[in-house]
Amino acid sequence: MTEGEVRLEVPASPEFLRVARMMAAGVASRLGFTLEEVDDLRIAIDELCFCLVGRNGRPGTVALRYVMSSEGLTVEGAGRFGDGASDEPRLSPMSLHILKAVTDECTVDAGPDGPTFQLFKRRRS
Amino acid sequence: MAFDAKERDDLRRKFVEYARTQDPVLRTELVTAHMGLAEYLARRFTNRGEPLDDLVQVASLGLLKAVDRFDPDRGLEFSTYATPTIVGELKRHFRDKGWAVRVPRRVQELHLRLASVVSALSQELGRSPTIGEIAQAASVSEEDVLEAIEAGHAYRFTSLDAPSGSDDEATLASQLGRNDQALVDSEHRVDLSPLIARFPPRERTILHLRFFEGLTQSEIAGRLGISQMHVSRLLARSLAQLRSTAEQES
Chain A
252 MTEGEVRLEV
262 PASPEFLRVA
272 RMMAAGVASR
282 LGFTLEEVDD
292 LRIAIDELCF
302 CLVGRNGRPG
312 TVALRYVMSS
322 EGLTVEGAGR
332 FGDGASDEPR
342 LSPMSLHILK
352 AVTDECTVDA
362 GPDGPTFQLF
372 KRRRS
Chain B
3 MAFDAKERDD
13 LRRKFVEYAR
23 TQDPVLRTEL
33 VTAHMGLAEY
43 LARRFTNRGE
53 PLDDLVQVAS
63 LGLLKAVDRF
73 DPDRGLEFST
83 YATPTIVGEL
93 KRHFRDKGWA
103 VRVPRRVQEL
113 HLRLASVVSA
123 LSQELGRSPT
133 IGEIAQAASV
143 SEEDVLEAIE
153 AGHAYRFTSL
163 DAPSGSDDEA
173 TLASQLGRND
183 QALVDSEHRV
193 DLSPLIARFP
203 PRERTILHLR
213 FFEGLTQSEI
223 AGRLGISQMH
233 VSRLLARSLA
243 QLRSTAEQES
């Protein structure tokens, strides 16, 4: 089974973003990713979720979509926050550097309803 | 830690001289001479779900502090003086960096067991194993493997210490072999983000090799002589610290 998608919407707090990370690991495992590729994904999700909600979380939710294909895994995240804080996602140069090393493609945007991210991780093996 | 009379005299002289000169070469010699004590004390904490080499690193930090603070004129044996300092450091490590969520013993044990399973598989396959392959080799489910890996990263997310300062560096540097020292030196030539520069040498080397040189975790593990799972844990911890620092400073 290498096609299909999983959707998840979690409160935008660190405990639940951990669930988002574990889901990424679970889906990637089903796709036959190696341990190191799974680790890369976990790092990427952590980094992107941090970019959206910071270390302590925000009021609101993050909706995640994990899209499986024969090439690999795409993860999309969309934040919906009601705290009036800036929705412009900011990635530090360091974060960008990290994301470049652990994903094949990665973008963040200030969407009309809240900040979003998208990443793609290719399966090599 | 048994030294014969001549060794004891010799060490005693070095302590006196170090107290006077603060010579870093002597400091390294004194730390090296007592690494056995640090390892012995670290071993006493191995039943708590932390890998021994992490604990030895923590213990050697305590040892370094003891070497710096020891006053040879007070007539106390160094090991008597150093033991509470080292044990204190180990206890603090568990207080600060214990498992964030309560991780069942079964999962902690699987986490430790997976380190060797992953090493053996990587060697056999010549690449990083898939989660399915690890599960099969360890005779557990894929979910068990994922849970154990997740548990290994379950450091407290919000209360991590700031990256350790210069105090720790001599210890860590002295733990690295000569080849690794060359690595650390080559890494100094690159203009690293000041954030990374605050990490101790080993973490800095790992961050650098992974994100600036593009080495895989297994390649880094091979260079540093530690397991890939350990590299993975150190990376996760360093990145959590980086994010924590980034937020505090923004």
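Top to bottom, those sequences are chains A and B. Heads up: the first sequence runs through residues 252 to 376, numbered per this note's numbering. Heads up: the second sequence runs through residues 3 to 252, numbered per this note's numbering. Cβ coordinates follow ideal geometry from the N, Cα and C atoms, glycine included.
Check, Outcome
"Proximity winner among B:PRO196, B:HIS113, B:PHE47, relative to ARG94 (chain B) (alpha-carbon distances)", "B:PHE47"
"Cα-Cα separation between ARG272 (chain A) and ILE136 (chain B), rounded to whole angstroms", "19 Å"
"is_contact[GLU152 (chain B), chain A] using C-beta, thresh 7 Å", "yes"
"Rounded C-alpha distance that separates VAL18 (chain B) from ARG204 (chain B)", "30 Å"
"Where the alpha helix (DSSP H) containing ALA122 (chain B) begins and where it ends", "107-127"
"Chain-ordered neighbours of ALA276 (chain A) on chain B, where CB pairs are closer than 9 Å", "ILE133, LEU148, ILE151, GLU152"
"GLU437 (chain A), buried or exposed, once every other Cβ within 10 Å from all chains shown has been counted against 16", "This structure gives no information on residue 437 (chain A), because the portion of chain A shown stretches from 252 to 376."
"Rounded C-alpha distance that separates LEU148 (chain B) from HIS36 (chain B)", "39 Å"
"Test: SER130 (chain B) CB closer than 7 Å to a CB of chain A", "yes"
"C-alpha gap between GLN230 (chain B) and SER121 (chain B), whole angstroms", "7 Å"
"Coil, strand or helix - ARG200 (chain B) by DSSP", "coil"
"Which residues DSSP lists as bridging PRO262 (chain A), in chain order", "A:THR312"
"Beta bridge counterpart(s) of MET319 (chain A) as assigned by DSSP", "A:GLY255, A:LEU324"
"Residues of its chain near LEU259 (chain A), where Cβ-Cβ distance is below 6 Å and the 5 sequence neighbours each way are ignored", "MET274, LEU315"
"Residue span of the beta strand (DSSP E) that contains GLN369 (chain A), given as start and end", "366-373"
"Residues near SER321 (chain A) in its chain [Cβ-Cβ closer than 7 Å; skip 5 each side]", "THR253"
"Residue burial classification, GLN24 (chain B) (beta-carbon count within 10 angstroms, cutoff 16)", "exposed"
"Residue-level contact to chain B via CB, PHE301 (chain A), 7 Å cutoff", "yes"
"Buried or exposed by the 16-neighbour rule on C-beta atoms within 10 Å, applied to ASP73 (chain B)", "exposed"
"For MET319 (chain A) and LEU65 (chain B), the rounded distance between their alpha carbons", "50 Å"
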